[in-house]
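Chemist: Structure in structure tokens, see below.
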Amino acid sequence: MCRADMMIFSYHWSERNRVPNPTWALKYECVDWKKLAEGLETRRVDIKALKMLVHPQYGPSYPRGKSIDVPNGPSWYPLDDET
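In structure tokens:
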């Protein structure tokens, strides 16, 4: 099956969003989906872990490991405690 991509995406920060946005520049090629899924499983990271994603202006993207609703744009949050 085609249209999978194992390329690492680059992301950029925006003043309109607490989480980074992907920079879309892709090349596609056909892959073995089962092999792809198995390989990616070993490289999985928890983006909601403490201090994994920190916006340079607004602080943690997921304060205390939770998504937050920001209807009027992001608010500033201090870094989470280490505990």
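If you're matching positions, the sequence shown starts at 1 in UniProt numbering and goes up one per residue. Ideal Cβ positions, reconstructed from N, Cα and C, are used throughout, including at glycine.
For Lys66, which of Tyr58, Leu36, Leu50 has the nearest alpha-carbon?
Modeler: Lys66 has its Cα closest to that of Leu50, out of Tyr58, Leu36, Leu50.
Chemist: Please check if any C-beta of chain B sits within less than 8 angstroms of the C-beta of Trp13.
Modeler: Here chain B cannot be found, since the structure has a single protein chain.
Chemist: Between the segment 9–25 and the segment 58–65, do at least 3 Cβ pairs fall closer than 8 angstroms?
Modeler: Verdict: yes, contact present.
Chemist: DSSP puts Gly59 in a beta bridge; with which residues?
Modeler: Paired residues: His55.
Chemist: Using only alpha-carbon positions, find the residue among Lys35, Ile68, Val54, Asp69 that is nearest to Pro20.
Modeler: Nearest of Lys35, Ile68, Val54, Asp69 to Pro20, Cα basis: Val54.
Chemist: For Ile47, tell me which candidate among Glu38, Ala37, Arg64, Leu36 has the shortest Cα-Cα distance.
Modeler: Nearest C-alpha to Ile47: Arg64.
Chemist: Quick check on Trp33: does DSSP put it in helix, strand or coil?
Modeler: In the structure shown, Trp33 sits in a helix (DSSP, three-state: H, G or I).
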